[in-house]
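Accompanying notes for the structure given below.
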Amino acid sequence: MPLILTLGEVQQACSEAARFAGEQSQLTQRPAGLSTDSRKCRAGEIFVALRGEKFDGHQFVAAALAAGALAAVVESSWFDAQKATSGNFIIVEDTLFALQQVGHTIRKRWGKTVVAITGSNGKTTVKELVASVLAQNQSVHKTAGNLNNHLGVPLTMAELSHGHDIAVIEMGMNHYGEIARLCEIAEPNYGLITNVGRAHLEFFKTLDGVAKAKGELFEYLHSRGGIVFLNADDAKLKTVLPSGTKAITYGLHQPAQVQGKIAGVDENGCVTLAWRNQNIHLAIAGTHNAGNALAAIAVGEHFGVAPEKIRLALESAQPIDKRMQILRRGSLTIINDAYNANPDSMRAALEFLAVMPIQTDGRRIAVLGDMLELGDAAPSAHEEIGVMLRELPIHAVFAHGPNMKHLAQAVGETKWVEHFENKARLGAEVGRSVRPGDVLLFKGSRGMAMEEVIEKMPIV
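Heads up: the sequence shown begins at 19 in this note's numbering, then just goes up one per residue.
Here is the structure:
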C-alpha cells in the first residue's frame, strides 16, 4: 500500500530544514512505503538510514537504491562527505527524528481514531484481541507483531491508508518519557494500560515508577480530552489516572462498568469468560487472559460491536507465538511462554503449570531463564519465585542464567532442581530427563531465548 504522502510531502514532514537532492520530477510520486532494512527494501519505497550503537544504515544506502528504492533519507554529515550524485536523497540532521515526524504527519493526514495499548504484561495479546473485536465492524490497522517502540510506532503509522477506519497501536517502553513521545507520534484518542507489573525495575526502581511511566498515556489522553479504558482490578492504575479523565472501567474482581467473571477452565487451561448473557470460550490458555479478553470486550462494546460478534471474535483468537502456546511433542505437553518474563508474569505462568492436568506417570517441569532488567531487585525477585515454587505441585525445576541461582537456592531440597550456566547443557539434560506424559513450561526474559531449548526436546 503506497504512502498517503508524496515524496515531496515526505521531505516537508521530515523537518523544515530537510533538503532534497535528485530528480525533481519524482517529488510528486507516492512512495510504496518506508523501510529501515535495506535487505527488505522494495522497489519504490523510501529507505531511512538509521544509526544505532552497533550499526549505521548509511552503509546500506547504495544497496537500497540499487534494489529500486525511490529515495533515501540520510543525515547531512554523511551526504556532504559522500558527495553522492546518483539517486534521490532527503537530507536531514537526524534520520530517527525524521522517521518519527513522517509517521506523525501521516497519522495527522489520515485523521481517524487511534487506540493505544501499553502495560507491563499482556499488551500484545490485548492488542490482538482488541483488533479482532473491532474488525467485526470496521477496517482495522494494527501494530504488526510487537513493533511497539520509537521505530515500530512511526513505521506502523506510516502504513495507514484512507481505507482504514481505526488503528490499534501497541506502545512499549523501558524509560521515562518514552510513552509520552510515542503519544506525540500516534496521537491516540483512546488508551488502555493492561496492568502495572514489576518489569524494567532496573530503570524505574519501584512499582510506583513503573506506574508513573505507563501513566504517561493517561496524562496524554487527559490533556487531549481522550478516553481511558481502566482495569479496575489494578489498584496502581487508579493512582496515575488524572482527576477528571473520562474512563470506562472493566474488571473481574472489582465493581466496574464492564463486568465479567471466570466461569470455568478446561483441561488445556483455557478459560470460559462469563459476560452479560455470553459464555466466551477462549482458545488462549491462562486465567490471566480472562482479564485481557475483558479489556477487548470493553473496547468493543464502546465502539458498538454486538455482543455475539464480540464472542465470536474472542473465541476465534489464537495464541501468539511464544506466549502461552500449548504445543504437543509426542506425549509431551509443552507450554511455550518464552517471549518474556518478569516476576508477575513468571508467577502467573507457574501457577498455570501447577494446575495443568498430567497423566498417571507424568510430571510438571519448569524450565526457567533469568528475569532481566530488574536491577538491584533481581536477587530478591528470583528468590521470591523460588519460595513460591516450594509450595506448588511442580515436580522439577531446570534453571538457566546467573540470577536463577537465587531461585534454585530458594527452592532448596523441596523438589528436584538443577541450575545451568550453559544453555546447551541445560537443553541436553532436560531432553534426557523427560518421560512420556510430562508437561513442561519454558519461560524467561527475551534475552534468554528459552524457546531454543524447546527445539532440543525429544519426541517421547
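The beta-carbon is built from N, C-alpha and C at its ideal position, and this holds for glycine as well.
Model, not experiment: these values are computed from the prediction.
The stretch 372-382 / the stretch 319-329 touching (three or more Cβ pairs under 8 Å): no
Anticipated Cβ contact below 8 Å, M468 with V385, distance rounded: Contact annotation, M468 with V385: C-beta distance approximately 7 Å; criterion of less than 8 Å satisfied.
Rounded straight-line distance, which links the Cα of C288 to that of L147: 15 Å
For V283 and E431, the rounded distance between their alpha carbons: 32 Å
T123 - containing beta strand (DSSP E), residue span: That residue, T123, is in no beta strand (DSSP E); its alpha helix (DSSP H) goes 113-128.
Endpoints, beta strand (DSSP E) assigned at V289: For V289, the enclosing beta strand (DSSP E) starts and ends at 288-293.
Supposed close pair P361, E402 - CB separation, criterion 8 Å: The Cβ separation is near 7 Å, so the contact holds.
For K441 and H122, the rounded distance between their alpha carbons: 42 Å
From H413, M406, H437, residue whose alpha carbon lies closest to that of N421: H437
With 16 other Cβ atoms within 10 Å as the buried cut-off, status of D339: exposed
Residues sharing a beta bridge with V276, DSSP: Y268
Proximal residues to G393 (C-beta, below 8 Å), its chain only, five neighbours per side dropped: Around G393: L219, E220, F221, K223.
Residue environment, M19, which counts as buried when at least 16 other CB atoms sit within 10 Å: exposed
Residues that DSSP places opposite N249 in a beta bridge: Y268
Environment of R125 [buried if 16+ CB atoms lie within 10 Å]: buried
Per-residue DSSP class, three states only, for A198: helix
Inter-residue spacing [alpha-carbon to alpha-carbon] between A229 and R199: 16 Å
Start-end ranges of the alpha helix (DSSP H) lying completely within the stretch 329-389, minimum 4 residues: Fully enclosed alpha helix (DSSP H) runs of 4 or longer: 361-373.
C-alpha gap between M466 and F460, whole angstroms: Each residue's alpha carbon lies about 11 Å from the other.
Between the CA atoms of L83 and F97 - distance to the nearest angstrom: 14 Å
Per-residue DSSP class, three states only, for H418: Strand, per DSSP.
Paired residues, beta bridge with I109 - DSSP: According to DSSP, I109 bridges with R37, V92.
Nearest neighbour of P476, chosen from S463, R453, G462 [CA to CA]: R453
Same chain, Cβ closer than 7 Å to E470, five either side skipped, listed in chain order: K441
D74 - partner residues in DSSP beta bridges: R69
A185, enclosing beta strand (DSSP E) - first and last residue: 184-188
Limits of the beta strand (DSSP E) - the one that T131 falls within: Its beta strand (DSSP E) spans residues 131-136.
N-terminal and C-terminal residue of the alpha helix (DSSP H) that G404 is part of: Segment 396-409, the alpha helix (DSSP H) holding G404.
Contact check, L152 vs C201, beta carbons under 8 Å: no
Backbone CA spacing between L173 and N213 [nearest angstrom]: 26 Å
Boundaries (first-last residue) of the beta strand (DSSP E) holding A229: From DSSP, A229 is part of no beta strand (DSSP E) but of the alpha helix (DSSP H) over 225-232.
Limits of the beta strand (DSSP E) - the one that Q44 falls within: No beta strand (DSSP E) holds Q44; DSSP gives it neither H nor E.
DSSP-derived helix/strand/coil call for A303: strand
E326 burial status per 10 Å Cβ neighbour count (16 or more: buried): Exposed is the label assigned to E326, since fewer than 16 other Cβ atoms lie within 10 Å of its Cβ.
CA nearest to the CA of G62, picked from T54, D74, E71, A89: A89
Cβ pair count under 8 Å reaching 3, the stretch 42-53 against the stretch 173-192: yes
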